[in-house]
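Peer 1:
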């Protein structure tokens, strides 16, 4: 553990008293000391974005079967990890890994990974993961998620890595 984390961990009760009295404003470092529980999930499925809801010419809303199947596959993978359900506020960190393309530069492929700044959009990538976490009973409701950190990378293989942290109610 680094000393910054230890300092905040030791000062936590005093910091909370000052914060409740309005003497200290909330800082992001304070949230780091309030982690109650952490779980990691890794799924070797190609990440897909969730499309907006489509409508028929008669006005009926539907989700394409391919996207429904993707969420169902994610739910099954998350259930196989057998994680006890999270309650309270959550911080979710997700890394989406896309396999190198043939058109990517050879020098880039020699690296273990590289950031990806192309489609799909991050917000559309996160929607099916949040739905699957809720569908597999890892979380009660995706409204519990108060902080999201997402990264898209290119690497040798496709996959999704998820870190879920339960944050103390005091933050």
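In the numbering used here, the protein residues as written are 42 to 212. Just so you know, even glycine gets a beta-carbon here, dropped at the ideal spot from N, CA and C. These numbers come from a predicted model, not from an experiment.
Sorted by chain position, which residues of the same chain lie with C-beta nearer than 6 Å to residue 118's C-beta, five sequence neighbours on each side aside?
Peer 2: On the chain shown, residue 118 is found 77 positions in, with the first residue counted as 1. Taken in chain order, the residues that qualify are 84.
Peer 1: Skipping 5 residues on each side, what residues in its chain have a beta carbon closer than 6 Å to that of residue 168?
Peer 2: Residue 168 sits at position 127 when you count from the first residue of the chain shown. For residue 168, where only same-chain residues beyond five positions count, the Cβ hits under 6 Å are 91.
Peer 1: Please state whether the Cβ-Cβ distance between residue 205 and residue 115 is less than 8 Å.
Peer 2: By 1-based counting over the chain shown, the position of residue 205 is 164. By 1-based counting over the chain shown, the position of residue 115 is 74. Not in contact: residue 205 and residue 115 (Cβ atoms no closer than 8 Å).
Peer 1: Using DSSP with H/G/I as helix, E/B as strand and the rest coil, what is residue 80?
Peer 2: The sequence position of residue 80 within the chain shown is 39, counting from 1. Residue 80: strand per DSSP, three-state reduction.
Peer 1: Of all the options 160, 174, 191 and 195, which has the alpha carbon lying nearest to the alpha carbon of residue 185?
Peer 2: As a first step, residue 185 is located in the chain shown; it is residue number 144 there, counting from the start. For residue 185, the nearest C-alpha among the options comes from 174.
Peer 1: Roughly how many angstroms lie between the CA atoms of residue 102 and residue 108, to the nearest whole one?
Peer 2: Residue mapping note: residue 102 aligns to position 61 of the chain shown, counting from 1. Residue mapping note: residue 108 aligns to position 67 of the chain shown, counting from 1. The alpha-carbon atoms of residue 102 and residue 108 are separated by roughly 14 Å.
Peer 1: By the DSSP assignment, the alpha helix (DSSP H) with residue 116 in it spans what residues?
Peer 2: Within the chain shown, the letter at position 75 stands for residue 116. Segment 106 to 121, the alpha helix (DSSP H) holding residue 116.
Peer 1: Give the secondary structure of residue 167 by DSSP, where H, G and I count as helix, E and B as strand, and everything else as coil.
Peer 2: Translated into positions along the chain shown, residue 167 becomes position 126. Collapsing the DSSP output to three states places residue 167 in a helix.
Peer 1: Quick check on residue 202: does DSSP put it in helix, strand or coil?
Peer 2: Position 161 of the chain shown holds residue 202. Here DSSP, grouped into helix, strand and coil, assigns residue 202 to strand.
Peer 1: For residue 208, which three-state DSSP category applies?
Peer 2: Taking the chain shown and counting its residues from 1, the one referred to as residue 208 is at position 167. DSSP places residue 208 in strand when its eight states are reduced to three.
Peer 1: If we count the other Cβ atoms within 10 Å of its Cβ and call it buried at 16 or more, is residue 163 buried or exposed?
Peer 2: Translated into positions along the chain shown, residue 163 becomes position 122. Exposed: under 16 other Cβ atoms inside 10 Å.
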